[in-house]
Ligand SMILES: C[S@@+](CC[C@H](N)C(=O)[O-])C[C@H]1O[C@@H](n2cnc3c(N)ncnc32)[C@H](O)[C@@H]1O
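Right, dumping it as structure tokens:
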């Protein structure tokens, strides 16, 4: 498939009857780019995890703060894998406020993300919206925009927040992370997060995975230990480690809110010197 299909060609591939993981996430974030099937799937998830909305908000806050932090550290190139439907503020806006020469390659395999991305995310040469699959890292790395970014030999930040839950064990998510780590210039980092299975019992895990089995991508819930294992030895885990994302940058949830029953677990990792 052409990763740069023009909008009319993408529109023909849109399916509003099957829930899409991008639109479910948009609904959980109180966005408007979702349809009845997406909302029904999201409501079924909320039955299992009533505070999922708050956890999703934590995840988005983590992504925002991580991009801000990395931009202040001088990182100007971002590869946003499974970027999702445009949310406010978007990654380019966050980064460019700190580092005006920022460049962002947005990658997602959802056609609606590609359409909206082309309309709302693409800002001249500073960004690209590329419709590709994270399970095919070689194709992503060979994309001309991404290859040019990596070719500058400056550290890059890969953003992989809430996308690896949609890569099943059979597709070897650890090998994908290792392949990315292998290809990145020295000093590159990855911001990653993953909805954790830790707060759920077996019945809830099955119910959640059952909802996603009827959507555009199956979800695999993993424990904190399994999430850490995905990183293998190509990535060095930075402090405070692979942990609840709200522990990374705050602001911590207000004391008036009950502790989250479900959490996104993640962190920032750096590619080890070769
Ligand atoms: C839950 S959203 C996360 C959005 C954003 N990364 C964030 O953390 O706010 C997951 C996104 O990953 C995308 N996605 C799922 N599987 C994918 C795959 N195999 N390749 C590329 N994108 C994928 C979905 O289409 C969706 O937009």
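In the working numbering, the protein residues as written are 173 to 446.
Ideal Cβ positions, reconstructed from N, Cα and C, are used throughout, including at glycine.
Treat the numbers as computed from the prediction; the structure is a model and nothing was measured.
Go to residue 362, then tell me how far its beta strand (DSSP E) extends in each direction, as first and last residue. Run containing residue 362: 361-367, per the beta strand (DSSP E) assignment.
So is residue 338 buried or exposed if we call it buried at 16+ other beta carbons inside 10 Å? Counting C-beta atoms within 10 angstroms of its own C-beta, residue 338 has 16 or more neighbours from the protein chains shown and is therefore classed as buried.
How about residue 229: is its C-beta nearer than 8 Å to some C-beta of chain B? You won't find chain B in this structure, because it holds only one protein chain.
Residues of its chain near residue 390, where Cβ-Cβ distance is below 8 Å and the 5 sequence neighbours each way are ignored: Cβ within range, chain order: 338, 340, 381, 384.
On the CB-based measure, 16 or more other CB atoms within 10 Å of its CB, does residue 260 come out buried or exposed? Exposure of residue 260 is indicated by the presence of fewer than 16 other C-beta atoms within 10 angstroms of its C-beta.
Leaving out five residues before and five after residue 404 in sequence, what residues of the same chain have Cβ atoms less than 7 Å from its Cβ? For residue 404, the CB contacts under 7 Å within the same chain, skipping 5 residues up- and downstream, are 346, 349, 350 in chain order.
Delimiting residues of the beta strand (DSSP E) encompassing residue 251: Residues 249-253.
Starting from the N-terminal side, write out each stretch of the alpha helix (DSSP H) that is 4 residues or longer and does not extend beyond the region 243-298. Fully enclosed alpha helix (DSSP H) runs of no fewer than 4 residues occupy 263-270, 283-288 of the region 243-298, in order along the chain.
Opposing strand residues paired with residue 420 [DSSP bridges]: Beta-bridge annotation (DSSP): residue 420 is not paired with any residue.
What does the Cβ neighbour count give for residue 205, buried or exposed, with the cut at 16 atoms within 10 Å? The residue is buried, with at least 16 neighbouring Cβ atoms inside 10 Å.
Report the three-state DSSP secondary structure of residue 235 (helix, strand or coil). Note: residue 235 maps to helix in three-state DSSP.
Can residue 415 be considered in contact with ligand 1, in the sense that its beta carbon sits closer than 7 Å to one or more heavy atoms? Not so, every heavy atom of ligand 1 lies at least 7 Å from the Cβ.
Tell me which residues share the same chain as residue 289 and place their Cβ nearer than 6 Å to its Cβ, disregarding the 5 neighbours each side in the sequence. The answer, listed in chain order, is 278, 301.
Should residue 235 be listed as close to ligand 1, given that the test is whether its C-beta is under 7 Å from any heavy atom? The answer is yes for residue 235.
So, helix, strand or coil for residue 323, using DSSP? Secondary structure at residue 323: helix, using DSSP grouped into helix, strand and coil.
For residue 189, which three-state DSSP category applies? Assignment of residue 189 by DSSP, reduced to helix, strand and coil, places it in the coil class.
Given this structure, state the Cα-to-Cα distance separating residue 299 from residue 375, to the nearest angstrom. The C-alpha of residue 299 lies about 42 Å from the C-alpha of residue 375.
Tell me the DSSP secondary structure of residue 331 in three-state form. Looking at residue 331 - three-state DSSP - the assignment turns out to be strand.
Just checking residue 384 against ligand 1 - is the residue's beta carbon closer than 7 Å to any of the ligand's heavy atoms? Remark: the C-beta of residue 384 is outside contact range of ligand 1, defined as less than 7 Å to any heavy atom.
Count the other CB atoms, across all protein chains shown, that sit within 10 Å of the CB of residue 250; report buried if there are 16 or more and exposed otherwise. Buried is the call here.
Per the contact definition of three or more C-beta pairs closer than 8 Å, is the region 231-245 in contact with the region 283-297? Between the region 283-297 and the region 231-245 there are fewer than three C-beta pairs closer than 8 Å, too few to call the two in contact.
Cβ shell of residue 388 (< 6 Å), same chain only, five flanking positions each side left out: Sequence-distant partners of residue 388 (beyond 5 residues in either direction) whose C-beta falls short of 6 Å from its own C-beta, in its chain, are 192, 193.
Should residue 281 be counted as a contact of ligand 1 given a C-beta to heavy atom distance under 7 Å? Checking the Cβ of residue 281 against ligand 1 gives yes.
Touching by the beta-carbon criterion (3+ pairs, under 8 Å), the region 305-314 and the region 225-239: Three or more Cβ pairs closer than 8 Å define a contact, and the region 305-314 falls short of that threshold against the region 225-239.
For residue 185, collect the residues of the same chain with a Cβ closer than 7 Å to its Cβ; drop the 5 residues on either side in sequence, then sort them by chain order. Taken in chain order, the residues that qualify are 283.
Kindly indicate which residue of 437, 378, 197 has the alpha-carbon position closest to the one of residue 220. Residue 378 is the option with its Cα nearest to residue 220.
Can you tell me whether residue 323 is buried or exposed, with buried defined as 16 or more other CB within 10 angstroms of its CB? Classification for residue 323: exposed.
Here's the rule I'm using: 16 or more other beta-carbon atoms within 10 Å means buried, otherwise exposed. How should residue 327 be labelled? Residue 327 should be labelled buried.
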